[in-house]
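Residue 42 is where the sequence shown starts when you use the working numbering, and the numbers rise one by one after that.
Structure, as structure tokens:
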Amino acid sequence: MLNIAVLIAFALVTAAIGLTFWRLLTGPDRPDRILALDTLYVNAIALLVLLGMHLDSALYFEAAILIAMMGFIGTVALCKYLLRGDIIE
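Quick look at the structure:
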């Protein structure tokens, strides 16, 4: 039962990644594209967690934590650049 739920979740998260990638390409403004990148890394985290559940491995959870940290730092840096035009003051 859990395997079926994980496979359905794989399909739904993959669809979400496709739609988010579309928003990244066609976003009308730069903030929309930054938000799409933020959503892409959240979806990548979801895929890694699902893969870890499917393969019963804790290694994928650690990779998801690393992606979460790097994605947060990247989002903050991009937003700061967009607001001030400079990352380092």
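Even glycine gets a Cβ: it sits at the ideal position worked out from N, Cα and C.
TODO: Would you kindly check if the distance between the Cβ of ASP79 and the Cβ of THR116 is under 8 Å?
DONE: Within the sequence shown, numbered from 1, the residue matching residue 116 stands at position 75. Within the sequence shown, numbered from 1, the residue matching residue 79 stands at position 38. Contact: yes.
- [ ] Figure out for me which residue from PHE102, TYR122 and ALA118 has the closest Cα to the Cα of ALA85.
- [x] Counting from one through the sequence shown, the residue named residue 85 turns up at place 44. Closest option to ALA85, Cα to Cα, is PHE102.
TODO: Measure the C-alpha to C-alpha separation of ALA14 and PRO69 and round it to an integer number of angstroms.
DONE: Not covered by the structure: residue 14. The range shown for the chain is 42 to 130.
Task: Close-in-space but distant-in-sequence residues of the same chain around LEU123 (CB under 8 Å, 5 per side omitted) - done: Sequence index remark: in the sequence shown, residue 123 carries index 82 (1-based). ARG71, PRO72 and ILE75, listed in sequence order.
Task: Three-way DSSP call (helix, strand, coil) for MET42 in this model - done: Counted from its first residue, the sequence shown places residue 42 at position 1. In the structure shown, the three-state DSSP call for MET42 is coil.
Task: ALA77 CB to nearest heavy atom of the ligand MG below 7 Å - done: Judged by which ligands are present, the structure shown has none, so any question about the ligand MG falls away.
Open item on the list: Let's see if you can read the secondary structure: which residues bound the alpha helix (DSSP H) around ASP73?
Closed with: For the purposes of this step, residue 73 is identified with residue 32 of the sequence shown, where counting begins at 1. ASP73 -> alpha helix (DSSP H) spans 71-96.
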